[in-house]
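Each remark here refers to the structure printed beneath this line.
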Amino acid sequence: EPEVTQTPSHQVTQMGQEVILRCVPISNHLYFYWYRQILGQKVEFLVSFYNNEISEKSEIFDDQFSVERPDGSNFTLKIRSTKLEDSAMYFCASSEGLAGEQFFGPGTRLTVL
Amino acid sequence: KNEVEQSPQNLTAQEGEFITINCSYSVGISALHWLQQHPGGGIVSLFMLSSGKKKHGRLIATINIQEKHSSLHITASHPRDSAVYICAVPNQAGTALIFGKGTTLSVSS
């Protein structure tokens, strides 16, 4: 069964460093999303992406964040200069259509020291 | 902005009990999602429904669009049902999901 994959599963970085989180969405899906979940809190929307453009972004998704679909399969989230408060689980998701059922990857746990 | 409220926040049950988790939202939507988050953190989509009722195995989801309310029921609960159950609704444009805080279910044998 097709699934969303994410790498790495766990990333530890120093404050101020750049990190790139990678996702491979389900192959025939057209809409891609990043969410994050700070430990003990609810899942929060970061950004959605369609047709090589950002469709929507939240207030959390500031200039430190960027997304890219560098090839036909990968979807990446870059954090330029990590802060302690960026420590969270980051989930990638994809859907076939707009407002369709979303399928989530297993997440990347980011720890910023 | 849509507000999503879930109740209860925590739920403890004995194996075999019937479970109900509730979700209410403030702004009309096209569809509502129920998701399950495992203890390891992974999120699985259980249902997406826009009206009436859906059933999958021992899980049943219902929605009342007029009352802006949905329920997730688990019949004959089992310890393996222990997880966080999350209700989520799309924003107006359908470009993002807004999540509830989740209901932590613990089923003991």
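So the protein sequences, as listed, match chains A and B.
When the letters of the first sequence are read in order and numbered with my numbering, they come out as residues 1 to 113.
When the letters of the second sequence are read in order and numbered with my numbering, they come out as residues 114 to 222.
Don't be surprised by glycine CBs; every beta carbon is placed ideally from N, CA and C.
Being a predicted model, the structure only gives us computed values, none of them experimental.
Tell me, please, which residues DSSP counts as bridged to Val202(B). Sequence index remark: in the second sequence, residue 202(B) carries index 89 (1-based). Its beta-bridge partners are Ile211(B).
By how many angstroms is the C-alpha of Asn135(B) removed from the C-alpha of Asp140(A)? The structure shown does not extend to residue 140(A), since chain A is modelled only from 1 to 113, so the question has no answer here.
Using the Cβ count rule (16 or more neighbours within 10 Å means buried), how would you classify Gln122(B)? Locating residue 122(B) in the second sequence gives position 9, where the first residue counts as 1. The residue in question, Gln122(B), is exposed, as its Cβ has fewer than 16 Cβ neighbours within 10 Å.
Using only alpha-carbon positions, find the residue among Pro25(A), Met15(A), Met89(A) that is nearest to Glu1(A). Mapped onto the first sequence, residue 1(A) falls at position 1. The residue with the shortest Cα to Cα distance from Glu1(A) is Pro25(A).
Reduced DSSP secondary structure (H/G/I, E/B, other) of Arg193(B): Within the second sequence, residue 193(B) is the residue found at index 80, counting from 1. If DSSP states are grouped into helix, strand and coil, Arg193(B) belongs with the helices.
Check whether the region 177-191 of chain B touches the region 14-31 of chain A, counting contact only when three or more Cβ pairs, one atom from each stretch, lie closer than 8 angstroms. no
Looking at C-alpha atoms only, which residue of Gly100(A), Glu59(A), Val67(A), Phe45(A) is the closest neighbour of Ile20(A)? As a first step, residue 20(A) must be located in the first sequence, where it is residue number 20. Nearest C-alpha to Ile20(A): Val67(A).
From this set, Thr108(A), Leu113(A), Val112(A), which residue's C-alpha is nearest Gly153(B)'s C-alpha? Within the second sequence, numbered from 1, the residue matching residue 153(B) stands at position 40. Of the listed residues, the one whose Cα sits closest to Gly153(B) is Thr108(A).
Only counting the same chain, and skipping five residues up and downstream in sequence, which positions put a Cβ closer than 6 angstroms to that of Ser219(B)? Residue mapping note: residue 219(B) aligns to position 106 of the second sequence, counting from 1. Counting only Cβ-Cβ distances below 6 angstroms, and skipping sequence neighbours, we find Thr125, Ser195.
8 angstroms contact criterion, which Val197(B) and Gln150(B) should meet: CB distance rounded: Along the second sequence, one-based indexing puts residue 197(B) at 84. Along the second sequence, one-based indexing puts residue 150(B) at 37. Their Cβ separation, rounded to whole angstroms, is 4 angstroms, which keeps Val197(B) and Gln150(B) in contact under 8 angstroms.
Neighbourhood of Gln17(A) by C-beta distance below 6 angstroms, restricted to the same chain and skipping five residues each side: Locating residue 17(A) in the first sequence gives position 17, counting from the first residue. Once the five neighbours on either side are set aside, the close Cβ partners of Gln17(A) are Thr82.
Run down chain A in chain order and give the residues with a C-beta less than 7 angstroms from the C-beta of Ile178(B). Within the second sequence, residue 178(B) is the residue found at index 65, counting from 1. None at all; the shortest Cβ gap to chain A is about 15 angstroms.
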